[in-house]
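A.B. asks: In full-length UniProt numbering, the protein residues as written are 1 to 151.
We treat Cβ as the ideally placed atom computed from N, Cα and C, and that holds for glycine.
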């Protein structure tokens, strides 16, 4: 019997029964905490899904606004006396210039990525140190100095 009944005294239980009671209580506590975490995460997941749907709809609306403003700009150019095909071509050229500028900025940003230079260098130094230390032991030079691990 690993449960403490309402009328039963804990002091009367053996050490084995007390350990079983404690492990059962810990198990129940962990299980209850896991259930609580699942419920909270399920609620957060629903909120995140709803938020992402709202962002997607806002993105779609933003795209439609850009299209409508582009058409309005083209017709504004037509109102200034530019041929229809030329007005729409000018708007398309503006977007092409914007796209090229954004690609250029993105390329420059990507070029600045280091690729974990310091980590590669320290790993290379560590491997060199380990190889050198292994060579020293093979040659019977146990007491040789090894480089410090601090920078």
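In whole angstroms, give me the CA-to-CA distance for residue 143 and residue 129.
C.D. replies: As a working note, residue 143 is residue 143 in the chain shown. As a working note, residue 129 is residue 129 in the chain shown. Here residue 143 scores only 49 on pLDDT, less than 50, and its place in the model is too uncertain to base an answer on.
A.B. asks: Taking buried to mean at least 16 other C-beta atoms within 10 Å of its own C-beta, is residue 30 buried or exposed?
C.D. replies: Counting from one through the chain shown, the residue named residue 30 turns up at place 30. Classification for residue 30: exposed.
A.B. asks: Starting from residue 80, trace the alpha helix (DSSP H) in both directions and tell me its first and last residue.
C.D. replies: On the chain shown, position 80 is the one that residue 80 refers to. Here residue 80 belongs to no alpha helix (DSSP H), and DSSP marks it neither H nor E.
A.B. asks: Would you mind reading off the limits of the alpha helix (DSSP H) that contains residue 103?
C.D. replies: Counting from 1 along the chain shown, the entry for residue 103 is found at position 103. Start and end: 84 to 111.
A.B. asks: Output needed for residue 11: all residues of its chain with C-beta closer than 8 Å, excluding positions within five of it in sequence on either side, in chain order.
C.D. replies: The residue you call residue 11 lines up with position 11 of the chain shown. Closer than 8 Å at the Cβ level, and outside the excluded window around residue 11, lies no residue.
A.B. asks: Indicate the three-state DSSP secondary structure (helix, strand or coil) for residue 115 in the structure shown.
C.D. replies: Looking up residue 115 in the chain shown gives position 115. Correct three-state label for residue 115: coil.
A.B. asks: How close, in whole Å, do the beta carbons of residue 91 and residue 73 come, if the pair is a contact with beta carbons under 8 Å?
C.D. replies: If you number the chain shown from 1, residue 91 lands on position 91. If you number the chain shown from 1, residue 73 lands on position 73. Correct: roughly 5 Å between the Cβ atoms.
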